Amino acid sequence: MIKMMGCLMIVLTGAAVGYLQSKRLTARTLFFEEYQKFLSELTLQIRYDSSSLERILEKFSDYRRLAPVLRICREKIQEGNSFFESWRQGVGKLSKDNGLLKGDIELLLDLGKGLGISDLEGQLSHLKLNSELTKLRLEEARECKVKKGKLYQMLGLSLGITTALLFL
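What follows is the structure in structure tokens.
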């Protein structure tokens, strides 16, 4: 009886691991959807509002997945750091729960390099480029979620069942 309970726990653990890996793919997709919306709204704010980046960032408090980045960025700007340095520190604090890859982080860091250092048209061009690259990342994340999401779930469950069978 105890052996059967142990095997059941192993199967459930394998299924949980597969499910968590699948959720990371979903989290990455949701992050890029929110980031794309953020870029669109940021472009509008920069184009039509002559406020500083710090003041503009205060308007984006409703972004759940970007909130840590924006909060740290605002704090560091208030301390006198450049926008790029502030943005870099904020991106560095992103949760691993977002499922972001190294290339994704580099894309986020790239945004900070072009904002606050050039004229209006330069910033808008930089935002447009970043937005186009983000669209590509978002499509990749969606495809990855569709292709690998169920695979991770089934692989975790299969691994759990296989391990449990080895113990029997």
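By this note's numbering, the letter at position 162 of the sequence shown is numbered 1021, and the numbering carries on one by one without gaps.
Beta carbons are placed, not taken as given, at the ideal position from N, Cα and C, and that holds for glycine.
Bear in mind the structure is a predicted one, so any value in this text is a computation, not a measurement.
Span separating the alpha-carbon of Ser945 from that of Leu953: One Cα belongs to Ser945, the other to Leu953, and the distance between them is close to 13 Å.
Alpha-carbon spacing of Gly877 relative to Glu913, whole angstroms: So the alpha carbons of these two residues sit roughly 41 Å apart.
Asn957 versus Arg887: straight-line alpha-carbon distance, rounded: Our two residues, Asn957 and Arg887, have alpha carbons roughly 5 Å apart in a direct line.
7 Å CB neighbourhood of Lys918 in its chain, flanking five on each side removed: Shown here for Lys918: same chain residues with a beta carbon closer than 7 Å to its own, the five before and five after excluded, namely Gln904 in chain order.
Secondary structure of Tyr922, DSSP reduced to three states: Three-state DSSP puts Tyr922 in coil, outside helix and strand.
As assigned by DSSP and simplified to three states, the class of Asn940: DSSP places Asn940 in coil when its eight states are reduced to three.
Chain-order list of residues whose beta-carbon lies under 6 Å from that of Gln880 (same chain, five-residue window excluded): In its chain, beyond the 5 residues on either side, Tyr1011 have a beta carbon closer than 6 Å to the beta carbon of Gln880.
As assigned by DSSP and simplified to three states, the class of Ile861: Here Ile861 sits in helix by DSSP.
Assigned exposure category for Gly951 - 16 Cβ within 10 Å defines buried: In this structure Gly951 is exposed. Its beta-carbon is surrounded by fewer than 16 other beta-carbon atoms within 10 angstroms.
Endpoints, alpha helix (DSSP H) assigned at Asn989: Unbroken alpha helix (DSSP H) run through Asn989: Leu979 to Phe1026.
Three-state secondary structure assigned by DSSP to Lys935: Helix at Lys935.
Through-space distance from Phe943 to Ser910, alpha-carbon basis: Straight-line Cα distance between these residues: approximately 17 Å.
Buried or exposed by the 16-neighbour rule on C-beta atoms within 10 Å, applied to Gln982: Burial of Gln982 is indicated by the presence of at least 16 other C-beta atoms within 10 angstroms of its C-beta.
Any 3 or more C-beta pairs closer than 8 Å across the segment 887–898 and the segment 996–1015: These segments touch.
Beta carbon of Gly873 nearer than 8 Å to that of Gly1015: The beta carbons of Gly873 and Gly1015 sit closer together than 8 Å.
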